[in-house]
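Taking my numbering, I'd label the letters of the sequence shown as residues 704 to 1185.
A quick write-up on the structure given underneath.
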Amino acid sequence: MSHRPPQIAIVGFPNVGKSTLVNRLAGGREAVVHREAGVTRDRKVLEGEWNGVRFQLIDTGGVDLAADDSLAQAVQRQATEAIATADLVTLVVDARAGLRAGDTELADILRRAATPTVVVANKIDEPGDAYLAAEFHALGLGEPVPVSAAHGHGTGDLLDQITTMVKGGAPTGRAVQGGVVRASDEVAVEAEMPAATPEPEPGGGGGEAEQPPVYVCVIGRPNVGKSSLVNAFLGSERVIVSERAGTTRDAIDTELELAGRRLVLVDTAGLRRRTKVAGTVAYYAQLRSERAASRADVALVVCDASEGVTSEDLRVAELAMKSGCATLVALNKWDIGETDLDDATARLEKRLRQRPPVIACSALTRRGVPRLLEGAVQLADKRASRVGTSELNRFIGDLVASRPPPSKANRRLRVYYAAQVDRRPPRFAIQVNDRRLISREWAFHLENRLREAYGLEGVPIVIDFVPHSRRARPRSGLVTKR
């Protein structure tokens, strides 16, 4: 069994540039960055590599031990968990602000811990300002490394030092003594008929390949209980839960296993209309939520059962369908809601083309929670399923016979051949005599019958109507309409 890469926790006082540094070291822009203090709250894991050494960076919220509100304390607990599970800690300080009481308090905790620590003096944007790092020798954690996360100055030296330490080389920073408990954490239509992807042969291939994890993105309006559901799935407080709307700002990935299947849960920020959040931290958090949906296999759309299914819930579900992932609707807070399940299901079926399954649940009482994950895995498998070509053509033939396509200008649509050409989501190519003869109503009828016949409720379907080429030779098994 493969071991996880070394984990490096990035901790520090609020607004010292931790997320900017994480993005710089990871070579991306995954962590939300804003001039406003306290943007990061949950701990977020990002993959990094330097000189062939892979590692994981754990971005954490700003730790202010003097703050006593519930949200600040929850952020502190997340940072403490990151320190406890890390192989190396980098304490980020603001060189321009100088040594502050919050830096000293954090350093005192780290000196008593068993995890090696590197002090990173950030915001040294000019090479001539490197002397500002000297003040932080007073923290007693070794030689501070001067960097500018915004401009990249000194980050190469920092990565050299980090990779040397996590590889077990002679550390240049001070290895701190103490007793921290270590824990394990966590297609455009073409003129010719597209070629279908070859169907896998039973028992073929060179050995069993490891099944990729199922990505389940938990999305919804603000304050509907997304983070509470994620914690209920995991059985621990992995992400911060607060009554304050908009608590989650990053897309937080967490792995778990269900009946031998690997899953990655992605908790996301609440989705609002972009015009309502333009220019704010919530806008950038929302962009990451939308990106998370685009890489997911299944979107778990969380609704508040005490409010019923709203127009905003329907908009979120439409976003999931357009992203190409399957959709499962979770009516959360069922223990305090009075929404009629049949009425909610009927409304969703009427308004949403993918007709997603609906499950009532409660993150607080855990009612229906196991069914959500089981349903998500089943939907992921359906999204990856394939319909045999001969079976598909028989289905299309029966459909055309039972409800012939309407005619236009005394011309009737003829369907010649059909094949599934892609998966995740399922994509079908249907060869016809003239695409202009296809009516919207008949196309929707075809899509809905496909869902019913092959259990694709909640799965987006792509159908390409491809014009028949006279140059193409007739193919066997064609579906014809007399």
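Each residue gets a CB set at the ideal place from its N, CA and C atoms; glycine is no exception.
Asked                                                                                                                                                       : Found
Any idea what DSSP makes of Gly923, helix, strand or coil?                                                                                                  : strand
In the stretch 1044-1099, which residue ranges form an unbroken beta strand (DSSP E) of at least 3 residues, counting only runs that do not cross its ends? : 1061-1063
I'd like the span of the beta strand (DSSP E) that includes Tyr1120, first residue to last.                                                                 : Val1118 to Asp1125
Mark Ile1039 as exposed unless 16 or more other C-beta atoms lie within 10 angstroms of its C-beta, in which case mark it buried.                           : exposed
Straight-line CA distance for Ile812 to Val792?                                                                                                             : 12 Å
DSSP three-state label for Trp753, please.                                                                                                                  : strand
Note down the Cα distance separating Leu852 from Gly720, rounded to an integer number of angstroms.                                                         : Checking the displayed sequence, the identity of residue 852 turns out to be Ala instead of Leu. Their backbone Cα atoms lie some 7 Å apart in a straight line.
Classify Pro819 as helix, strand or coil using the three-state DSSP reduction.                                                                              : coil
So for Ser1110, helix, strand or coil by DSSP?                                                                                                              : strand
Ignoring anything shorter than 3 residues, give me the beta strand (DSSP E) runs that lie fully in the stretch 988-1014, in order along the chain.          : 1001-1007
I need the straight-line Cα distance from Lys826 to Glu1160, nearest angstrom please.                                                                       : 52 Å
When the Cα atoms are used, what is the spatial distance from Ile943 to Ser930?                                                                             : Bear in mind that the predicted position of Ile943 carries a pLDDT of just 44, short of 50, making it too unreliable to give a figure here.
Ordered along the chain, which non-local residues of its own chain (more than five positions away) have a Cβ less than 8 Å from that of Arg1070?            : Trp1037, Asp1038, Ala1063 and Cys1064
Quick one: what does DSSP say Asp762 is sitting in, helix, strand or coil?                                                                                  : strand
Does the count of Cβ pairs from the stretch 1046-1064 and the stretch 1100-1109 closer than 8 Å reach three?                                                : no
Would you kindly report the start and end of the unbroken alpha helix (DSSP H) that includes Glu1144?                                                       : Arg1143 to Tyr1157
Note down the Cα distance separating Arg1089 from Leu974, rounded to an integer number of angstroms.                                                        : 32 Å
How many Å lie between Arg1130 and Pro1163 at the Cα?                                                                                                       : 9 Å
Could you give the C-beta distance for Thr658 and Ile922, rounded to a whole number, given that I count them as a contact under 8 Å?                        : No answer is possible for residue 658: it lies beyond the span of the chain, which begins at 704 and ends at 1185.
Could you tell me the boundaries of the alpha helix (DSSP H) in which Val725 lies?                                                                          : Lys721 to Ala729
Have a look at Asp762 and Leu1082 and give me their C-alpha separation to the nearest angstrom.                                                             : 32 Å
In terms of alpha-carbon separation, which member of Cys1028, Leu990 and Arg1018 lies closest to Ala1002?                                                   : Cys1028
Apart from the five residues just before and just after Ala841, which ones in its own chain have a Cβ nearer than 7 Å to its Cβ?                            : Leu802
With Ile955 as the anchor, note down where its beta strand (DSSP E) starts and where it stops.                                                              : Ile955 to Leu961
Is Leu835 closer than 9 Å to Ala798 when the C-beta atoms are compared?                                                                                     : yes
Closest to Asn726 by C-alpha separation, out of Ala1156, Glu750 and Pro709, would be which residue?                                                         : Glu750
Which residues does DSSP pair with Asn825 in a beta bridge?                                                                                                 : Asp797
With a threshold of 16 other CB atoms inside 10 Å of the CB of Lys747, please say whether the residue is buried or exposed.                                 : buried
Once DSSP output is grouped into helix, strand and coil, what is the label at Ala972?                                                                       : coil
Tell me whether Thr743 sits in a helix, a strand or coil according to DSSP, three-state version.                                                            : Since pLDDT at Thr743 reaches only 46, below the 50 mark, its modelled position is unreliable, and no value is offered.
Check each candidate in Arg924, Ser1014, Val917 and Glu960 and name the one with the smallest Cα separation from Gly938.                                    : Glu960
Can you tell me which of the three DSSP states Pro916 falls into?                                                                                           : coil
Give the DSSP-derived three-state secondary structure of Gly859 in the structure shown.                                                                     : helix
In terms of residues, what are the limits of the alpha helix (DSSP H) holding Phe936?                                                                       : Lys929 to Leu937
Pick from Ser1142, Tyr1119 and Pro709: whose alpha carbon is nearest that of Val1135?                                                                       : Tyr1119
Going by DSSP in three states, Arg1138 sits in which element: helix, strand or coil?                                                                        : helix
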